[in-house]
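Counting in my numbering, the sequence shown runs from 178 upward without gaps.
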Amino acid sequence: MARDFTFKTYTLLLSTLRNLDYEFQTLEDFLLKPKKKVIILRHDSDIWPLNDLKMASIENRFGIKSTYYFRIPWTFNIEIIKKIKDLGHEIGYHYEDLAEAKGNFKKAIVTFKRNLDKLKAIYPVQTVAMHGRPLSKWDSRRLWEKYKLEDFGLIGEPYLSINYNEVIYITDTGSRWDGYKVSIRDSVNSPYQVDARSTFDLINYFKEMNPSKPVLINAHAARWNDNLFLWWYRFFLQHAKNITKKYYKKLIHKNHSIT
Ligand SMILES: [Zn+2]
């Protein structure tokens, strides 16, 4: 069995989707003019932006445009972000300001704007996506209970601006595609649950089901690696993390004051 979560496997996934006649849209394009049988590729750059550049180059070879969300300061590498923009991709902000400000909305919106402006100096940012921070009790999406995306020139947030009754959501959180079983914040309310654990399962799912509706795929480039040592390192680290998250999720369900 081939190793999963390598760029080779990612390339195989993209070529499968191409062969099944999917179109590809960035988040902003989808929000403005949604197509029907379409893949929206979303990438949260949590660490290692060089991996994002690698993924962006692979997509570019297929003529695919996708969306990359960067954390500040963690993955705010101007040179890399510019290169990804030049490959035709959308750039957005992967925000966690409310968690960073420990629930202080006023502080959070100030840093949100400051960070967004840093990215706007590179790309006319129109969408932002929350970074989950599983161990913080603050969900940064709550910023939008007090403030409005429009007031910052934004048209959407993938967790909040998409109707997941119409869109299939698939994420590689936990280095598996059925991670909704372990994920704390990276999940959506949707009637569709794709039963695929590995990328090879996911490829088979598309070949068999070939859904004629929008599919949002959230792939974290940092989880994908061709280097054997790093791959095993990530594998063991992820295994330990999944166990911790499962335990933590149980705790959350027990303690409603945290949710
Ligand atoms: Zn993230």
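Beta carbons are placed, not taken as given, at the ideal position from N, Cα and C, and that holds for glycine. Remember, it's a predicted structure, so these values are computed and weren't measured experimentally.
Cβ-based neighbour list, residue i, same chain, cut-off 8 angstroms, excluding 5 preceding and 5 following
{"i": "L189", "result": "T376, I380"}
{"i": "K259", "result": "I299"}
{"i": "K185", "result": "A179, D403"}
{"i": "V371", "result": "I345, I347, W354, D355, L379, Y382"}
{"i": "T288", "result": "D274, E277, A278"}
Cβ shell of residue i (< 7 angstroms), same chain only, five flanking positions each side left out
{"i": "N254", "result": "P226"}
{"i": "H416", "result": "none"}
{"i": "K279", "result": "W315"}
{"i": "H271", "result": "D221, S222, Y246, F247, R248, A306, H308"}
{"i": "P211", "result": "P391"}
{"i": "G265", "result": "N237, K242"}
Residue i, buried or exposed, once every other Cβ within 10 Å from all chains shown has been counted against 16
{"i": "D294", "result": "exposed"}
{"i": "G356", "result": "buried"}
{"i": "R400", "result": "buried"}
{"i": "W354", "result": "buried"}
{"i": "P250", "result": "exposed"}
{"i": "K422", "result": "buried"}
{"i": "L296", "result": "buried"}
{"i": "M386", "result": "exposed"}
{"i": "S234", "result": "exposed"}
{"i": "P335", "result": "buried"}
{"i": "D263", "result": "exposed"}
{"i": "Y410", "result": "exposed"}
{"i": "D198", "result": "exposed"}
N-terminal and C-terminal residue of the beta strand (DSSP E) that residue i is part of
{"i": "T244", "result": "244-247"}
{"i": "V215", "result": "215-222"}
{"i": "K395", "result": "Correcting the residue identity first, residue 395 is Asn in this sequence and not Lys. It spans 392-395 - the beta strand (DSSP E) in which N395 sits, taken as one unbroken run."}
{"i": "E267", "result": "267-272"}
Where the alpha helix (DSSP H) through residue i begins and ends
{"i": "F201", "result": "Not the alpha helix (DSSP H): F201 falls in the beta strand (DSSP E), residues 200-202."}
{"i": "E256", "result": "255-263"}
{"i": "E322", "result": "320-323"}
{"i": "R400", "result": "Looking at the DSSP string, R400 is not in any alpha helix (DSSP H), and its letter there is neither H nor E."}
{"i": "V287", "result": "282-297"}
Same chain only: Cβ atoms within 6 angstroms of residue i, ignoring 5 sequence neighbours per side
{"i": "N395", "result": "R219, T348"}
{"i": "N432", "result": "With a pLDDT of 44 at N432, under the threshold of 50, the modelled position of this residue cannot be trusted; read the value that follows with caution. For N432, where only same-chain residues beyond five positions count, there are no Cβ hits under 6 angstroms."}
{"i": "S389", "result": "K214"}
{"i": "Y346", "result": "V365, S367, L393"}
{"i": "G351", "result": "V359, N419"}
{"i": "T304", "result": "L204, E205, G269, G333"}
{"i": "L191", "result": "F239"}
{"i": "Y187", "result": "W401"}
Coil, strand or helix - residue i by DSSP
{"i": "D229", "result": "helix"}
{"i": "H416", "result": "helix"}
{"i": "T186", "result": "helix"}
{"i": "V305", "result": "strand"}
{"i": "T376", "result": "helix"}
{"i": "Y346", "result": "strand"}
{"i": "G356", "result": "helix"}
{"i": "S192", "result": "helix"}
{"i": "S434", "result": "Legend: pLDDT at S434 = 36, less than 50; position of this residue unreliable, value from coordinates given subsequently. In the structure shown, S434 sits in coil (DSSP, three-state: anything other than H, G, I, E or B)."}
Contact with chain B by residue i, beta-carbon distance below 9 angstroms
{"i": "F253", "result": "Any reference to chain B falls outside this structure, which holds one protein chain only."}
Would you be able to state if there are at least three C-beta pairs under 8 angstroms between the stretch 279-290 and the stretch 312-332?
Yes, the stretch 312-332 is in contact with the stretch 279-290.
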